[in-house]
Amino acid sequence: MLKLSAALFLFQNSGLAIAHHGWSEYDQTQQLTLNGKIVQSGYEHPHGFVKLSIDGKTWTAVLAPPFRMENRGLSNSAIAVGATIRLEGYPHRSKSDEMRAERIIVNGKSIELR
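Using numbering that gives the first Met the number 0, the first residue of the sequence shown is number 0, and each one after it goes up by one.
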């Protein structure tokens, strides 16, 4: 029974490892700043995310894991759909509409994500 439970656990959580990606996909030599309204958000593992609408383009920003965001004062409600935020981070090397956020500014409060 223990082997079956362990196998089931590994199977159920294998998607997290597949979904996780390396930070080398982002160009840390190029600073990117985005200001926009959140149109979609996820406070989920392995990393949270927000999608911003800016001048007719939808950007995806990869955030920190939920436990880190919570520990640093960024609650799920702070990144709710409709909120206006500022993001600072690095652009994805091959996806022109994605960034890795290093910090988020919500309601005048700057929160470090890394």
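Virtual Cβ for every residue (Gly too), placed ideally from N, Cα, C.
Three or more beta-carbon pairs drawn from the stretch 78 to 88 and the stretch 45 to 61 are found closer than 8 angstroms, and the two stretches are therefore classed as touching. Rounded to the nearest whole angstrom, the CA to CA distance from residue 51 to residue 80 is 9 angstroms. In the structure shown, the three-state DSSP call for residue 70 is helix.
The Cβ atoms of residue 26 and residue 90 lie closer than 8 angstroms to each other.
One thing to note: residue 40 has its Cβ within 8 angstroms of the Cβ of residue 78. Around the beta-carbon of residue 99, 16 or more other beta-carbon atoms lie within 10 Å, marking it buried. The three-state secondary structure of residue 106, taken from DSSP, is coil. If you ignore the 5 residues before and after residue 67, its C-beta comes within less than 8 angstroms of the C-beta of 112, all in its own chain and listed in chain order.
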